[in-house]
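For the sequence shown, this note's numbering gives the first residue as 23, with consecutive numbering after it. Even glycine gets a Cβ: it sits at the ideal position worked out from N, Cα and C. Everything below concerns the one structure shown next.
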Amino acid sequence: MRRIIALLLIFLFLASCSSQTPVDNGDAPTPGQTESPSPPQSPSPSPFPSEPPAEPSPEKPSPPPVELEEYTGPLYHAFFHFLIAYPDVAYSNSYGRNLDRDCVTPTEFRRSLEEFYRNDFVLMNLNDYVDISEDGTVSRKPIMVPVGKKPLILSFDDINYYSKTLGLGICDKVVLDADGKLAMLTVLDDGTELITYDNDVIPILEAFCEEFPDFSPFGDKGLLSITGYDGILGYRTQRDSPNRESEIEAVKPVVQALHDAGWYFGSHSYSHFHMREDQKVDLARVKSDTQKWLDEVGSLVGDTNIYLFPYGERPAWDDPKFLSLLSDGFPLLMGVGITKPDSSPYVKHSERYFFMDRWFIDGMSLRTYPDRLAPLLDTVTVYCPEERDNKPITAPVSTGAIDRNAVSVYPRYPITVALGGDVMLAGAMGARLKSGGAGAVISPGLAGLFRSADITMVNLESAVSDLGEPWPEKDFAFRAEPFILDFLRDTLAVDVVSLANNHTIDYGFDAFFDTMERLDAYGIGYVGGGHNLEEAMTPHVVEVSGVSVAFLAASQVAPNMEWYARKNSPGLLMAYDPMLIVEAVKSARELYDYVIVYMHWGKEHQNEPVTAQTNTAHKLINAGADAVIGAHPHCIQSFEIYKGKPIAYSLSNFMMRNNYNNTAVVLLHLLDGKVEMEIIPCRTEGGIYNDFAGAQQARELRDFWQSISPGGVIGEDWRLR
């Protein structure tokens, strides 16, 4: 019916045009020509526009021909993320590395649309590719397009505008302006609210289709792939949001406007987890996550049958996790893959599902895959180094930037892993966080350092639960309130925590199980503990740009033998005898690109490691670990390079009531199989507030840490040599 209405409108439009006096279009194609008119050159977007862009030029392309034909060629599906809306802001902080890799700029997105248009693509809705019968049978149906055109699905991932990225160079949320037009909102540091139309995907595509309606002949726009753990479209609609109800009411008209304009929605999972077979994401987790998405997101955006795998990680076709998505109403499933030159995207169809890979278009692919993206666009035309601001370009933007061995000569950036020491947010720090918010316990700059890293990890030195009783005869028992997980996820962007320490089971196993369930619900991975020994030895793996980083953890401190994980009983991975953690490292070494081990060990308040620490660290590196990080002594211990691999024996308390006025964060920079450690000296105030160390304190700390570290390994730039 939608297509019939569209064709009727086109017919009426043609009829009205035929009654008007012809206009001399100069170089415009005559009705007999098949060449589509070229769109005008994209203007550079203004950084802070205060008004909608000017009305489009009155010169518009001829409407598409009424005649349709069945399309039988390869299927095309490309996806973008949100845009680098403010490059000057983005590249002034380290999060800009992520945006430079994963996103395109406003000009690049507009140029991409122009390339699609020139290459005779038209926008389609994924649901028009298949029929789904009442019994769930999925069948392909003819794809009808205007004569000479090719269908294109556009999708846009993570259109959530997460809390952790606010103020880092992207827009804050999708809004409706005073006229009900789709726009973007950004709130500046001084509270000024900017309404913009030319620096993110939704308003730019809206304007393009208004200017070139034959690019969207049936009214289709894009597929918005969204999670739910931090709300949708920039609105904090998740269940633990303090303003949930008002945020839900605020987003409803925006969702309706998007539907009315031809946008539609798909699930990107609730918590954006990894679903690879070797992860701790089991069937129960997938079922729970899907239900949360349906309850909190589906209830707002409406019914959808589309699921877009986070990170493109699709389980095997017969994996129960894959089959559960089908039974929960998602027969249309999308992965991520970039085809080889001159090949078609991967598509698989059965009676139960339709699966399709998507081309990713981002900074990395524009620089690295010109041949593979050639069926869609010309990367030389699209790529805009000027708008990427202060990023160094070491080669001209041309296909010559890929040498004969398909190796990019553009600069590549290392993956950054940020690691902090012990985190225990019960007691005074928990109370301060609860009453004063994140700013009461950590400076915005130090929190931003964590959010800007590709991966973040800390040692979680307590249960996080409201269950259980203190362990009998234990002098100190720590249990933090569950609200702290919002802080870990949203303020610090923690990806993984170590459970292997002497406080995780302080309130018994019910609280321990509850802690793991809550971490799962928040999308925070955990290592060093589990429901059995196998789980405690299983790494948590994070993949960044196709590079896999495996995290493991173990403890040499335990108050009770009952805390040891066994084959058929829960607990922690203990390493008084490091045999098991060494075995886990060897196994991970065979499967993943990098292996990082977090150890809980050593003597409290002693700046030098004991022999057991150094022996274990060396064994771990001999087994294949790329870096070893430690905590527990409540103070900084020495740093070491062993066989080219960095060791930090103790990072002290990161966010735990501290008796010292200093601590440290380390950044691991991973590139080409090598790991470099950078130390970030930090100060504490009153034991409950963390910030970067001042210049004088940093010099004093470097001198002291250098004196206790073998070989004087800390360089002037705070990197280990």
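- In the same chain as Asn683, and ignoring 5 residues on each side of it, the C-beta atoms closer than 7 Å to its own belong to Arg705, Thr706, in chain order.
- The criterion of a C-beta distance shorter than 9 Å is satisfied by Pro173 and Leu97.
- For Glu215, the uninterrupted beta strand (DSSP E) run begins and ends at 215–218, by DSSP.
- Around the beta carbon of Met451, 16 or more other beta carbons sit within 10 angstroms, so the residue counts as buried.
- Cβ contact annotation for Met596 (same chain, cutoff 7 Å, sequence separation greater than five): Ala576, Ser577, Ala580, Tyr586, in chain order.
- In this structure, DSSP gives Thr706 an extended state, which the three-state scheme calls strand.
- At a Cβ-Cβ threshold of 9 Å, Val516 and His296 do not count as neighbours.
- Fewer than three beta-carbon pairs drawn from the stretch 222–235 and the stretch 256–271 are found closer than 8 Å, and the two stretches are therefore not classed as touching.
- Residue pairing from DSSP places Leu204 in a beta bridge opposite Leu198.
- In this chain, the alpha helix (DSSP H) harbouring Ala272 covers 266–282.
- Annotation for Gly734: Gln728 place their beta carbon closer than 7 Å to its own, counting only its chain and skipping 5 residues before and after.
- Going by DSSP, Pro392 is part of the alpha helix (DSSP H) stretching over 392–395.
- Shown here for Phe230: same chain residues with a beta carbon closer than 6 Å to its own, the five before and five after excluded, namely Leu135 in chain order.
- Taking Ala558 as reference, the option from Val571, Ser591, Val569 with the minimal CA-CA separation is Ser591.
- With contacts defined by Cβ atoms closer than 9 Å, Ala670 and Val688 form a contacting pair.
- Here Pro392 is near Thr401, since their CB atoms are less than 9 Å apart.
- Nearest to Thr560 by C-alpha distance, out of Leu602, Glu92, Tyr139, is Leu602.
- Pro353 and Asp379 have their C-alpha atoms spaced approximately 14 Å apart.
- Looking at the backbone, the Cα of Phe500 and that of Ser484 are separated by about 5 Å.
- Within its own chain, the residues whose Cβ lies closer than 8 Å to the Cβ of Gln260, once the five positions on either side in sequence are excluded, are Gly250, Tyr251, Asp252, Gly253, Arg266, Glu318, listed in chain order.
- For the options Leu216, Ala572, Leu468, the alpha carbon positioned closest to that of Tyr117 is the one of Leu468.
- DSSP places Met146 outside both helix and strand once states are collapsed to three, so it counts as coil.
- Lys667 and Asp694 do not touch by the CB rule: their CB atoms are close to 15 Å apart, not below 8 Å.
- For Pro466, there is no enclosing beta strand (DSSP E); the residue is part of the alpha helix (DSSP H) that begins and ends at 466–474.
- The way I'd put it, the stretch 504–521 does touch the stretch 535–550; three or more beta-carbon pairs between them come closer than 8 Å.
- For Phe573, the number of other beta carbons within 10 angstroms of its own is at least 16, and it is reported as buried.
- Asp179 sits in a strand when the DSSP states are folded into three classes.
- Annotation for Ala533: Ala485, Ser487, Leu489, Gly490, Arg501 place their beta carbon closer than 7 Å to its own, counting only its chain and skipping 5 residues before and after.
- DSSP places Ile106 in no beta strand (DSSP E); its state is neither H nor E.
- Sequence-distant partners of Val273 (beyond 5 residues in either direction) whose C-beta falls short of 7 Å from its own C-beta, in its chain, are Ile254, Leu255, Tyr257, Thr259, Leu322.
- In this structure, His290 and Leu330 form a Cβ contact; the two beta carbons are roughly 5 Å apart against a cut-off of 8 Å.
- DSSP, reduced to helix, strand and coil, places Pro600 outside both helices and strands of the structure shown, so it counts as coil.
- Along the length of the stretch 215–256, whole beta strand (DSSP E) runs at least 3 residues long occupy 215–218, 245–248, reported in chain order.
- Bounds of the alpha helix (DSSP H) holding Val308 are 305–315.
- Only residues of its own chain outside the window of five on either side were considered, and among them Ala440, Phe472, Leu514, Ala515, Val516, Asp517 have a CB closer than 7 Å to the CB of Thr478, listed in chain order.
- Contact check between the stretch 603–617 and the stretch 630–649: three or more CB pairs, one atom from each, fall below 8 Å, which counts as touching.
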